[in-house]
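In the order they appear, the protein sequences are chains A and B.
With numbering that gives the first Met the number 0 as the guide, the letters of the first sequence map in order to residues 0 to 456.
With numbering that gives the first Met the number 0 as the guide, the letters of the second sequence map in order to residues 0 to 364.
These notes are about the structure you will find just below.
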Amino acid sequence: MSTKLETVWGSVLGELEIVLSQANFQTWLKGTELAELEGDKAVIFVPNIFTRQWIQDKYHQQILSAIRKVDAEIRSVEYTTKKLSIDTPPGSDSSISLPLERASKKYSSPSQYSLESYGEFRPNQKYRFDNFITGSSNKLAFSAAQLVSEKPGEMYNPLFLYGPAGVGKTHLLWAISNEIHARQPNCKILYSTSEEFINTFLSAIRKGEKFTDKYRKVDVLLVDDMQFLAGKEKTQEEFFHTFNALHQYNKQIVLCSDRPPKEIPTLEERLRSRFEWGMVADIQPPDFETRVAILMNKAASHSIELSMDVAEFIATHIDNNIRELEGALTKVIAYSRLHGQSVDLPLAQEVLGMYISKSQVKISPKVVLQKTADYYEISYNDIVGTKRSREIVLPRQVAMFIMREELSLSFPRIAKSLGGKDHTTIMHGVNKIRTLSARDSVLGQDVQSIKKLLVAQ
Amino acid sequence: MKVAVKVKYLLKAVNICSRLVSNRSSLEVLGNILIETDKNTLKLSSTNLDLAITTKLGAKVEKAGKIAIPARLLGELINSISEDTLQLIADDTNMTIKGNNILSRLNGVLASEFPTLPKLSNTKSIKFRSQDLKSNFEKVLASVSIDESRPVLAGIYFSTTSGQLVLAGTDSYRLSEVQSKNQGAGSIDCIIPVKTVMETLRLIASEDVEEIEIIIGESEISFIVGDSQLISQLTEGKYPDYKKIIPESTATTIECDRDKLIEAVKVSSVFARENSHGIALKVTKDNLTIDAQTSDIGENTTTVAIKKTGKDAAININARYITDILSVIGGQTVVIGINDKLDPLSIRPKTKSDTEVHIIMPLRS
Chain A
0 MSTKLETVWG SVLGELEIVL SQANFQTWLK GTELAELEGD KAVIFVPNIF
50 TRQWIQDKYH QQILSAIRKV DAEIRSVEYT TKKLSIDTPP GSDSSISLPL
100 ERASKKYSSP SQYSLESYGE FRPNQKYRFD NFITGSSNKL AFSAAQLVSE
150 KPGEMYNPLF LYGPAGVGKT HLLWAISNEI HARQPNCKIL YSTSEEFINT
200 FLSAIRKGEK FTDKYRKVDV LLVDDMQFLA GKEKTQEEFF HTFNALHQYN
250 KQIVLCSDRP PKEIPTLEER LRSRFEWGMV ADIQPPDFET RVAILMNKAA
300 SHSIELSMDV AEFIATHIDN NIRELEGALT KVIAYSRLHG QSVDLPLAQE
350 VLGMYISKSQ VKISPKVVLQ KTADYYEISY NDIVGTKRSR EIVLPRQVAM
400 FIMREELSLS FPRIAKSLGG KDHTTIMHGV NKIRTLSARD SVLGQDVQSI
450 KKLLVAQ
Chain B
0 MKVAVKVKYL LKAVNICSRL VSNRSSLEVL GNILIETDKN TLKLSSTNLD
50 LAITTKLGAK VEKAGKIAIP ARLLGELINS ISEDTLQLIA DDTNMTIKGN
100 NILSRLNGVL ASEFPTLPKL SNTKSIKFRS QDLKSNFEKV LASVSIDESR
150 PVLAGIYFST TSGQLVLAGT DSYRLSEVQS KNQGAGSIDC IIPVKTVMET
200 LRLIASEDVE EIEIIIGESE ISFIVGDSQL ISQLTEGKYP DYKKIIPEST
250 ATTIECDRDK LIEAVKVSSV FARENSHGIA LKVTKDNLTI DAQTSDIGEN
300 TTTVAIKKTG KDAAININAR YITDILSVIG GQTVVIGIND KLDPLSIRPK
350 TKSDTEVHII MPLRS
């Protein structure tokens with residue numbers, strides 16, 4: 000929704016910038032935003048009360064007439080210093096509890112304990128069980144999570160949830176924390192990402208300190224994104240000990256990952272077997288009915304009535320990620336509010352048309368070659384040509400590798416796009432980059448960057 | 000504008016206003032002080048767009064008017080002349096200052112260029128004895144954060160309910176809370192930026208008054224101190240629910256003389272260079288032992304006589320946090336509470352221990 004407001008405000012600012020002096024514009028209009036356009040009223044967010052007073056006194060007429068050029072409906076403009084917090088991301092509030100040691104590192108020593116790590120658990124109220132939509136794809140995980148929150152430490156310990164991005168793993172993790180907190184306010188709950196765990200561990204090693212206190216003193220430990228522990232041997236060992244210490248005293252452990260324990264590469268055997276000890280539940284992308292239910296629920300929370308055909312339209316076209324699904328709905332709603340139209344199928348088709356076709360765009364071999372050549376700053380003709388100097392051969396092989404991996408093209412097809420080479424040359428190139436990029440992190444990053452370039456276009 | 004003013008009053012007003020003036024602002028007019036007549040007084044205002052100050056002084060107003068004059072110029076001039084009374088005569092952009100022996104002409108700026116100061120809406124007002132408020136603010140300022148990346152912590156929590164005023168400050172490593180009685184006002188819950196509080200303390204220091212009035216609007220606050228008024232934005236956001244962090248009971252409680260403890264901590268902190276001024280407190284029978292060491296400097300042990308109830312205890316703590324708090328705490332005898340070496344340490348004054356508490360998180364051993 001913000002993008003449309005930004006566009007409107009951008010054009011208003013553009014006009015004012017011409018009229019006002021640079022210093023005036025910088026002082027008074029920098030940091031202002033259009034917070035709301037509803038009916039005939041526009042609400043403008045201003046960074047402080049001084050700005051509010053000045054804009055009201057001096058620029059009100061100019062702002063009103065500029066806005067009316069974009070949206071003739073607008074009759075009144077109001078100013079507020081209160082930022083609308085529609086969706087505050089988790090942890091962005093001012094709590095001095097979770098997550099830990101986020102800020103103010105610069106003037107305090109790391110050995111100083113923070114009140115934040117001591118303060119009681121502050122739940123993230125956005126994620127609850129009652130706003131988690133269940134369907135066949137996540138029923139098992141959901142009921143396991145509920146059981147765990149009713150009797151932490153007794154059933155399913157550890158609980159290991161896995162599934163692709165945006166299917167609700169973090170939602171369930173927070174829901175468990177919230178539920179346990181509601182039932183037993185004195186229970187010490189620690190929600191951590193595996194990255195936080197690793198960082199805390201590393202900083203403890205650097206200073207030669209013992210790393211036990213924080214993680215081993217809790218009653219419930221929830222760790223998100225376990226897959227990042229892959230390959231971190233020392234951290235895994237520490238996690239292993241933490242795990243044992245907690246498990247021994249029947250403290251509940253809940254873990255999340257984007258894949259099952261078996262498939263996390265370089266995860267130590269003893270950890271893997273422990274993860275599989277309790278309950279391993281998967282969450283799959285939601286099926287069609289669940290997607291429709293999620294959309295209906297989300298719309299209801301915005302107090303918008305969503306007709307079935309719109310929900311079905313969105314659910315048909317966005318099919319694997321709930322974040323994207325909700326994003327698409329937000330976009331449709333925002334568009335309808337901005338233009339004062341009702342949310343119906345033609346509107347949804349119009350708004351999402353671009354979005355949907357974009358996500359299905361096909362990348363051609365030529366694009367891969369061009370982007371790779373651009374990335375390595377060589378010419379397109381060189382990369383498809385026959386020169387065999389190292390500066391050219393490597394990019395050429397990288398392009399082969401990407402075409403094979405990302406576009407799943409056959410070797411002869413890749414050979415053809417490279418000006419008719421032998422398909423064994425291609426096989427050699429692909430294999431070479433595959434092994435090299437696993438070993439050489441610079442090359443690995445190059446490959447990743449080029450892949451990003453392809454998606455970004 | 001045509002007015003006659005006493006130099007000493009004008010000097011005080013210019014000095015109060017100059018504190019907010021910055022010459023580095025991108026908007027030139029902010030480097031000015033707005034001078035305007037208000038009935039039979041002269042009103043001076045300045046702002047840095049976070050705060051605004053207006054201050055009034057008695058004057059003989061012959062002709063009303065207003066103009067903005069560069070603060071530095073005006074300050075340097077008024078501070079260096081030895082006249083008793085001055086005449087200020089101004090048109091829109093020029094001001095003439097006339098004394099017995101001097102005649103200056105200052106280039107100014109149109110008053111309409113100067114920011115209009117915010118008006119407060121839906122206000123509530125409370126009055127405080129200025130010395131009480133000053134000492135309470137100073138007590139919580141000891142713990143407050145100066146890191147503006149977290150605005151809520153760079154502010155003082157200000158809350159009134161049924162005759163009780165609560166002030167709190169924390170930088171997330173330590174916390175101070177003061178409670179006091181106050182009359183009226185109903186319930187207010189807000190966060191005042193630390194800069195506003197510090198500026199208020201300066202105003203209290205320069206205006207010798209018994210009572211100050213606080214006016215709180217929806218998102219702004221104003222302090223009326225004598226002839227001056229400070230206006231500031233309130234910090235948006237919710238103050239952390241810190242009450243649960245304050246320990247209700249402590250396993251070890253010691254009583255000791257504040258001055259002796261300050262002295263002992265200061266001596267030890269000479270040796271507490273490394274590790275964030277870490278000193279080790281050890282409580283035994285009736286002694287508090289303070290140890291500090293830095294490998295390339297040396298080490299020190301100081302002992303303070305105490306009265307102990309509860310278990311023996313040991314805890315590592317930042318020496319500076321302790322001295323910060325001891326230097327503002329009310330009362331000669333202090334009560335220190337310790338639970339575990341990982342739990343926060345609490346410091347209270349012995350008398351009125353329920354109205355003031357300071358919490359410090361320990362250091363890793």
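Glycine included, every Cβ here is placed at the ideal spot set by N, Cα and C.
#1: D295/B touches chain A at which residues, Cβ-Cβ below 9 Å?
#2: If you compare alpha carbons, which of H338/A, Y334/A, P285/A is closest to V350/A?
#3: If P348/B and V333/B are in contact, beta carbons under 8 Å, what's the gap, nearest whole angstrom?
#4: In chain order, what residues of the same chain lie with their CB nearer than 6 Å to the CB of S107/A, ignoring the 5 residues before and after it?
#5: To the nearest angstrom, report how far apart R257/B and I321/B are at their CA atoms.
#6: Kindly list, in the order they appear in chain A, the residues whose Cβ is closer than 8 Å to that of E219/B.
#7: Identify, in the order they occur along the chain, each residue of the same chain with its Cβ nearer than 7 Å to the Cβ of I314/B, setting aside the five sequence neighbours on each side.
#8: With DSSP as the reference, label E235/B as helix, strand or coil.
#9: Starting from the Cα of T371/A, find the closest Cα among L12/A, L452/A, R51/A and give me that residue.
#10: What residues match up with T424/A in a beta bridge as DSSP calls it?
#11: So, helix, strand or coil for N198/A, using DSSP?
#12: Consult DSSP for I80/B and reduce its assignment to one of helix, strand or coil.
#13: When Cβ atoms are compared, which residues of the segment 93-116 of chain B fall closer than 8 Å to chain A?
#14: Would you mind working out which of P163/A, Y161/A, V219/A sits nearest Q183/A, comparing C-alpha positions?
#15: Based on Cα-Cα distance, which residue from N137/A, H427/A, K231/A, D224/A lies nearest to S256/A?
#16: What do you reckon, are the CB atoms on F127/B and L166/B nearer than 8 Å?
#17: Mind pulling the beta strand (DSSP E) runs of 3 or more residues that sit fully within the segment 262-306 of chain B?
#18: Using CA coordinates, which residue listed in K297/A, R336/A, S341/A is at the minimum distance from E323/A?
#19: By the 10 Å Cβ neighbour count, where 16 or more other Cβ atoms means buried, how is L109/B classified, buried or exposed?
#20: Please return the same chain residues whose Cβ sits closer than 8 Å to the Cβ of N47/A, not counting the five positions on each side in sequence.
#21: Given that A22/A touches chain B, what residues does it touch there, using C-beta distances under 7 Å?
#22: Which chain C residues are close to R205/A, counting only those with a beta carbon under 9 Å from its beta carbon?
#23: Along chain A, which residues have their Cβ under 7 Å away from the Cβ of D290/B?
#24: What is the DSSP secondary structure of Q283/A, counted as helix, strand or coil?
#25: Anyone know if the C-beta pair for A280/A and L160/A falls short of 8 Å?
#26: If you reduce the DSSP assignment to three classes, tell me which class L435/A lands in.
#27: Between which residues of its own chain and T160/B is the CB-CB distance below 6 Å, once the five residues before and five after are set aside?
#28: For M307/A, is the classification buried or exposed, using 16 other Cβ atoms within 10 angstroms of its Cβ as the cut-off for buried?
#29: Going along the segment 51-68 of chain A in order, which residues come within less than 9 Å of chain B, judged by CB to CB distance?
#30: Once DSSP output is grouped into helix, strand and coil, what is the label at L164/B?
#31: First and last residue of the beta strand (DSSP E) that includes K5/B?
#32: Name the chain B residues that come within less than 9 Å of Q25/A, Cβ to Cβ?
#33: Compute the Euclidean distance between the alpha carbons of S148/A and T424/A, then round it to the nearest angstrom.
#34: Kindly indicate which three-state DSSP category E75/B falls into: helix, strand or coil?
#35: Which value, in whole angstroms, describes the spacing of the CA atoms of T265/A and F227/A?
#36: Between the segment 280-289 of chain A and the segment 190-203 of chain A, can you find at least three pairs of beta-carbon atoms closer than 8 Å?
Here's the rundown:
#1: Under the 9 Å cutoff, chain A gives no residues; its nearest Cβ is about 18 Å from D295/B.
#2: The residue with the shortest Cα to Cα distance from V350/A is Y334/A.
#3: 6 Å
#4: For S107/A, the pLDDT reaches just 42, beneath the cut-off of 50, and the residue's location in the model is therefore unreliable, although a value from the coordinates is still provided. The beta carbon of S107/A sits closer than 6 Å to no other beta carbon from its chain once the five residues preceding and following it are set aside.
#5: Distance between the alpha carbons of R257/B and I321/B: 11 Å.
#6: What E219/B touches in chain A: I48.
#7: L280, I337, K340, L344, P361
#8: coil
#9: The shortest Cα separation from T371/A among L12/A, L452/A, R51/A belongs to L452/A.
#10: In the DSSP output, where bridge partners are listed per residue, T424/A has none listed.
#11: helix
#12: Here I80/B sits in coil by DSSP.
#13: Of all residues in the segment 93-116 of chain B, the ones placed with a Cβ closer than 8 Å to any Cβ belonging to chain A are P114, T115, L116, in chain order.
#14: Its Cα nearest to that of Q183/A, the residue V219/A stands out among P163/A, Y161/A, V219/A.
#15: D224/A
#16: no
#17: 277-283, 286-293, 297-304
#18: K297/A
#19: exposed
#20: Correct list, in chain order: T80.
#21: By Cβ distance, chain B contributes S25, L26, E27.
#22: In the structure shown, chain C cannot be found, because the protein chains are A and B.
#23: Within chain A, no residue comes near D290/B; the closest Cβ sits about 16 Å away, beyond 7 Å.
#24: coil
#25: With respect to the 8 Å criterion, A280/A and L160/A are classified as neighbours on the basis of their beta carbons.
#26: helix
#27: S186
#28: Looking at its Cβ environment, which holds fewer than 16 other Cβ atoms inside 10 Å, M307/A is exposed.
#29: R51, Q52, W53, Q55, D56, K57
#30: strand
#31: Per DSSP, the continuous beta strand (DSSP E) segment holding K5/B begins and ends at 1-5.
#32: S25, L26
#33: Going by the C-alpha atoms only, they are around 57 Å apart.
#34: Residue state, collapsed to three classes: helix.
#35: 11 Å
#36: no
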